[in-house]
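Chains A, B, C and D supply the protein sequences, listed in that same order.
Those letters in the first sequence? Residues 1 to 230, per our numbering, in order.
Those letters in the second sequence? Residues 231 to 1277, per our numbering, in order.
Those letters in the third sequence? Residues 1278 to 1393, per our numbering, in order.
Those letters in the fourth sequence? Residues 1394 to 1474, per our numbering, in order.
Even for Gly, the Cβ is constructed at its ideal location relative to N, Cα and C.
Take a look at the structure set out below.
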Amino acid sequence: MRKWLALAFLILLGFFLAKITSAFPFGVESWGVSKHYVDKGIEENRGSNLVTSIVVNYRGFDTLGEVTVLFLAATALAFLLATCRCRRRYERWEASLIVKAASETLYPLLILFGAYIFIHGHLTPGGGFQGGTVIASAVMLMLLAHFTFHPNHKALSTLEGLAGMSFVLIGFAGLIWGGSFLANNIIPLGQWNRLFSAGVIPLIYVAVGFKVGFELSGLITDMMKTIKEE
Amino acid sequence: MVNPIVIIGITLASAFFIGILQAYAKVWARVIFILTLVFDLLASGIVFYGFLSGELARPISVKIGGFPPPIGINLLVGKAEAAMAVLIFSVAFLGAIHWFVKGLPQPEGKAMVLFLLLSLGATGITFTGDFFNLFVFIEITSIAAYGLVASSRTKGALEAAFKYMVVGSISSTFILLGVVFLYKATGSLNMMDIAGKLLGGISSAVLALITLLILSGLLVELEVFPINGWALDVYQGADPVVVALLAGAAVKAFYLVFLKTAGFLPLSSFFSLALIFGGSTYLAGQFFAWRQRDVRRLFGYSSVAQLGLLILAAGFFLNSALASQSRLMIGAAIVLLIFNHSFAKTSLFLLADNVKGSNVEDWAGTLRGNPLFAFSFTSSVFSIAGIPPMAGFWAKVLLIFAIPRQYSWAVALILIGALAEVVYYFHLYRVASQGEGKEAGGNLFSPFVSSLLLVVSVPMVWGIFSRKLSIPLNGQVLLLLGISLGIYLLGFSRPLQWLGSLATLGYGIYVLLPHFKPDLSGFFLALVLFGGGALLIATYPGSKKLPSTFYPAYLVVVFSMAGVVLSSTWLSLFVFWEVMTWSSFLLINMGEGKKAAWLYAIFSAAGAYAMLGGIYLLPSLRIGVGKVPGLLPAVLISLAFLVKMATAPLHIWARDAYGESAHQFTPLLSGIMSKMGVFGTALVVVYILGVSSNPVFRYFLGWLGVLTAFFMTLLAVFQDDLKKLLAYSSVAQVGYILLGVALGTPLGWSASLYHTVNHFFFKALLFVAAAGIIYRVGTSYLPQMGGLIRRMPLTFFATLLAIISLAGIPPLSGFAGKWLLYSALIEKGWIFITVVAFLASTLAFLYCFKILHSVFLGQLQEENFNVKEVPLTVALVEVLLLLPLIILGAFPRLLLDPIDKVLSSLPGLSPAPIHYGRVMGAVTKLGHWNALFLMVFFAGSFLIALVFFAITSARIRKVGQLDVGYSGEVPRSAEDLHFGYGLYEHFRKAVGWLIYPLVTKVWKGIYEGINALAEMGRRIYTGDVNTYAAYVIALSIIILYIFSGVK
Amino acid sequence: MAFFVASILLILIGLYAVLVKRNIMKIVIGLSLMDTGVNVLIISLGFIRGRTAPIVNVKDLLVNTSSKVVDPLPQALVLTAIVIGVAVTAVALSIVMLMYSKKNTLEIDEYKELKW
Amino acid sequence: MILEYFMLFLLFLMLALAIFAVETKDLLASVVAAGFVSLVASIVYLYLQAPDVAMTEAAIGAGLTTLIFIIAIRKTERYEK
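Here it is as structure tokens:
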């Protein structure tokens, strides 16, 4: 009964969603405001990756919000789990030597790779969020492989906070020297398709990358933390 | 000027900074937290002031990232947005203070970050000019809220957070999808840009669907019925500080966005959407709250209802078919509603945090001995219930009067909801103010400040809005009301308050002197001021027991009555009427029976809102201007007056309200306040109905009056409580007065006005005497009195004369009134009414005798042996009120002459056809009597008898009352030989069926019926996540189907 | 076209779990599936047939770019949406863990204290 | 052409995995299936010329989300009743 009712609701909802979607034919060109991003993006930002240009510059404020959301989630999670008497329900095995050795080898490489991704955010696919996640995956690997691995939580949150603040500070620098919050033109834009180009975009993405990386690492650590079985 | 982006940037930076600091220096984290909130508050205040002062004329658009919109994101901050930010940060600041005092949840750094980001998110929602950015800020707000709700240590918090999370995710998915579709359809995400593209209105069905998708997402956040179960759970389950921030600030930000979205995406069906969802949410919230035992959930229902009202108002506000003047008024109403509700709810939720236990019963006694608590609670409740002078009153009035006539059902809906609101809020009030004084928590700073804001804003709000509706409120009366409130400052000493009140009243008489003119207002004004003054003198005894709010409230009642009679427009009459009602409510609430005050509140509110509805229907607000079509306005307006007169079947509040109110106040209530109903009915008959037209309605009123007189007399006969007996008697007498007014003939009016004054004299005298007696004896239960004639001869004498006057026996003043009334009845030819009236007067003798017999005659009870005569002030007032009874008895012309002048000032009436012969007799067509002769005759007889007794008393042997040896029996102990108990039992057997409490049962049945419906209705909130989610889906389907026009 | 249908179906499947499943973890999984569906839908809306990704890393793309790449804006929006989705999921899961630690069950029938 | 059929297959796979994720009683399997849905989605993003999103979806949607789900399941229950 419940199922059928739910299905009926969903079919109706689906009908309306399809009705709206069908107004926009698939794969057909229809430019809105993003025509400007595409045609003027290189000229205005010098970043090859247009998505990055949008994410960090044209709609940089969204990204600041996005970083805030992630920060918020990590904070909320730590806040909630601080009082959680959550116990691990399943037995945890010691990882094998191979896994341990491999993870130790991969750990710095993964961090380096993450850094590479967000440093090249304005040139290649990927950016702060992806790079940050890769960094977090390195930490996760260590956490899984080693019982004794405990990232310094205080340091993580400090670095993460500093990264977040530097994002805001770059924004304010834009407000002071560039005329508007998060303005891109406060340092030379440089040349297209070069590492040192695209104004503050790489700086912001580095900040975002570190922030996301530390944040997610902290988040995973918080979640894996357990209260000893009494 | 502060750039709004700075507010957001600084708040974000300090949120990150607190994240670091918490690990190193907790104290500094706290400092940064508070400093940030203060900074935000100041900064948004500066922006708002910029708009107020005119420095900023247009909304400021702040570009971000260096590109102008629509390329980049912008903030769009206008007056409304700036005001909203001020509101958000004020509520956040108050909440934060409360949190600090109460103790932050641990780890506190995280809590502060979430709190800061929640207020930041709400501000972002308000400021942003971009739809996708809006989505981001909605998510920030939501996630912070989920976290804070879940972290609450209260019961059910987790569950509430989970439901909130599920429903909130669905809602934001709708918004996200809608925004992306909007981008595809319009090629832009910027609000202004899109609005510009859609300037001509939405024509395509797809765009309508997209708009509705966004709106239904927002409606979830706006807690629309029936998808607000999650919100109620959150209100009930979460930490009150978080709830205050959500209900007081975040939801209001969502409302602003809702308003903006609907404004930028002009949907033709928005009006009906807002009306349907606003209206149903409003009514459902107000009525479902009736059965709610959990106070926080009750506040939740109230919040939901207020949001419904706001949505309803949004529909009218955005309806371009309305006159711009009305839309401005509705805009003002929306602003007031938001301001009012935010601070009142903040205060109430934070107060709830101070009460141990969550049920209504746990609030018992919290108002006692906690002046701060009582102040915050009372002012917040008054604000939300829209009682003048609070801002909520103006919100309601502006909204109602801006709604065009063809939507008068919406007005009815608003008023019915407002009445339902009074029922449950004052139930809580009743519980909180009764019982043993209870220690409530001391964390009262924030609730106090937020309710103080409500109170402090009153003069400003009145200054702005009473002009907007052009209500000329009598300035002198307002001044006097202000002074009256000032009497509270003398609260350290009751005698001083008493003297101060007397002085204020004297000053009031002096100030209002020019208004004592021979017209209806002047007539009643004299009654109010002189009567009120005389009764004030008698309030002195027992004043130690009086709360320090007694005298201010008393004076407010008196002066608001002056305001009522001096009003030149119906609306200002309504304002003063409400002030009078609610200040008298406070006074009644000071007595023993709290249920009485509650009933009084409900009936008065019902009457008042009916009156407001009637005024809304009038073509002109000025009294006596404009032809009034139809009977409805007259009926609605007179309902308020009939309630105040306690005319059957609206009388059930009266017995306990009179019987259990503070003894010092009852004389005023019965002697003068009930006459305000007479005044109002007179206004209705003269100015709305027309004296000579609408005979059927007046005939109906006549029956109401006479039946009230009959049944109340009967009830008085069987009443064993002195004050309640007098209460019934009072209501019965006012029934006669109503009958006279209903007659609509000069003679009838003459009788009524005469009786109005005369009834004041003797009934006030009786109640004052009763207060004195009760003060001495300590009970108002008749069977416990008796024989008091020996202890209180003066009071006995006064009571005797009052009762003779009441019974209408010559030679005292009562006879003239009765004689005039019967003459008028016979002249008019209302035969059946006359018969019933005769019957009722005859019955009245029974209770008159009962008073004398049970109180003064017979055996003195043992415990009353040491009783003394009533206190001096009471005795003074007794004498003061006694004299007119005698003087008027001898010279009725002293009163009838001014009444003639009053009558000739009224349209459609002329002086009564009474001739005064050579002596002081009065002659009508039906006969005549000579008052002076009667008085001399009776007084002579009395004196002769007195002299006779004086001479013979020397030979009388006096024995103690237990000495009954001469009757042949020797009592062994003090036997009760006094038949105060069950005096008319045999009589009850004959006519007892007539006083079967039918009316009470009917009202109770209605109350319980509504309760049962509410109980049934609120079962839709099953508490089940699946169900809540299904409601959301179902409702969005309905919205998409009905309002888009897509088939 | 198939992308639209599939993504809408994915949204509906996720919602189905939210509406019908009695296990709170399952409901969170449903929400996460719904998010994925929404993201696929948004990306499909921005797609233009025969175009390349909006990364201008060859000279050829520098001129007349808008006739050569797909719409980058929906992609930017989805980037944000994905991160927001994981944030919500993280908070939701911590709530679920807390709930479980209190009552030792994931059945929503046990979480109906607040009602009416 | 083959690519388009492959895409169709992927979409079907995605839906089938989603249905499996919703219907299975084993929450761990359900979470893994949901992770695979994200993974398939990221391949779809690649086809739709959205490499950035594909990377993000793979890293965050398929990786991180699945990981935190698994941690959460480890601390609660594995099987739905």
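Straight-line spacing of the CA atoms in Ala-313 of chain B and Lys-482 of chain B works out to 11 Å.
Only those residues of the region 1426-1456 of chain D whose C-beta falls short of 7 Å from the nearest C-beta of chain A are listed: Pro-1444, Asp-1445, Met-1448, Thr-1449, Ala-1452, Ile-1453, Gly-1456. Note that the C-beta distance between Arg-852 of chain B and Lys-954 of chain B is not below 7 Å.
Cβ-Cβ distances below 6 Å link Ala-1070 of chain B to Ala-939, Phe-940, Thr-943 in the same chain, with the five nearest sequence neighbours on each side left out; the list follows chain order. Contact between Ala-243 of chain B and Val-168 of chain A is confirmed by a C-beta separation of about 4 Å, below the 8 Å threshold. Secondary structure of Gly-1016 of chain B (DSSP, three-state): coil. By the 16-neighbour rule on beta-carbons within 10 angstroms, Asp-1386 of chain C is exposed. For Ile-1361 of chain C, the nearest beta carbon of chain A is closer than 7 Å to its own beta carbon. Contacts with chain A at 7 Å (Cβ-Cβ) include Leu-1296 of chain C.
Short of 7 Å from the beta carbon of Ala-136 of chain A, and not among the five residues preceding or following it, lie these beta carbons of its own chain, in chain order: Gly-213, Leu-216, Ser-217, Ile-220. Counted as a single uninterrupted DSSP element, the beta strand (DSSP E) harbouring Trp-1159 of chain B occupies residues 1157-1160. The three-state reading of DSSP puts Phe-909 of chain B in helix, counting H, G and I together. Rounded to the nearest angstrom, the gap between the Cα atoms of Leu-13 of chain A and Pro-619 of chain B is 48 Å.
CA-to-CA, the gap between Asn-233 of chain B and Thr-911 of chain B works out to about 58 Å.
Listed in chain order, the beta strand (DSSP E) elements of length 3 or more contained wholly in the region 60-137 of chain A amount to none.
Following the DSSP letters along the chain, one finds Leu-306 of chain B in no alpha helix (DSSP H) but inside the beta strand (DSSP E) bounded by residues 304-307. Counting along the chain, no alpha helix (DSSP H) covers Ile-617 of chain B, and no H or E run does either. Following the DSSP letters along the chain, one finds Val-257 of chain B inside the alpha helix (DSSP H) bounded by residues 256-282. Selection B:Ile-250, B:Gly-730, B:Leu-913, B:Gly-296 evaluated against Leu-803 of chain B yields B:Leu-913 as nearest (Cα-Cα). Under the DSSP assignment, Val-788 of chain B falls in the alpha helix (DSSP H) whose first and last residues are 780-796. Contact between Ser-1431 of chain D and Thr-1449 of chain D does not hold, since their C-beta atoms are separated by about 10 Å, which reaches or exceeds 8 Å. Take the alpha-carbon of Leu-699 of chain B and the one of Ala-625 of chain B: they are about 12 Å apart. Take the alpha-carbon of Ala-783 of chain B and the one of Trp-800 of chain B: they are about 23 Å apart. Taking a C-beta distance under 7 Å as the contact criterion, Gly-199 of chain A and Leu-189 of chain A qualify as a contact pair. Counting only the Cα atoms, Gly-932 of chain B lies some 20 Å from Met-841 of chain B. Our two residues, Gly-1247 of chain B and Gly-538 of chain B, have alpha carbons roughly 17 Å apart in a direct line. Its chain contains Gly-41, Asn-45, Gly-47 as the residues whose beta carbon lies nearer than 6 Å to that of Ser-53 of chain A, once the 5 sequence neighbours on both sides are disregarded; these appear in chain order. Around the beta carbon of Leu-97 of chain A, fewer than 16 other beta carbons lie within 10 angstroms, which makes this residue exposed. In this structure, Val-51 of chain A keeps its C-beta atom at 7 Å or more from the C-beta atom of Thr-1342 of chain C.
If one requires a minimum length of 4 residues, the alpha helix (DSSP H) runs lying completely within the region 5-51 of chain A are 34-45, in chain order.
Among the residues facing chain D, Val-1315 of chain C is not included, as its CB has no counterpart in that chain under 7 Å away. Spanning the alpha carbons of Leu-765 of chain B and Ile-1117 of chain B requires a straight line of approximately 19 Å. Taking a Cβ-Cβ threshold of 8 Å, the residues of chain A close to Met-1278 of chain C are Phe-26, in chain order.
Taking C-alpha positions only, Lys-1392 of chain C is separated from Lys-393 of chain B by approximately 11 Å. Residue pairing of Ser-1344 of chain C in beta bridges, as defined by DSSP: absent, with no partner found. Approximately 6 Å separates the beta-carbon atoms of Ser-320 of chain B and Leu-271 of chain B; this is inside 8 Å, confirming the contact.
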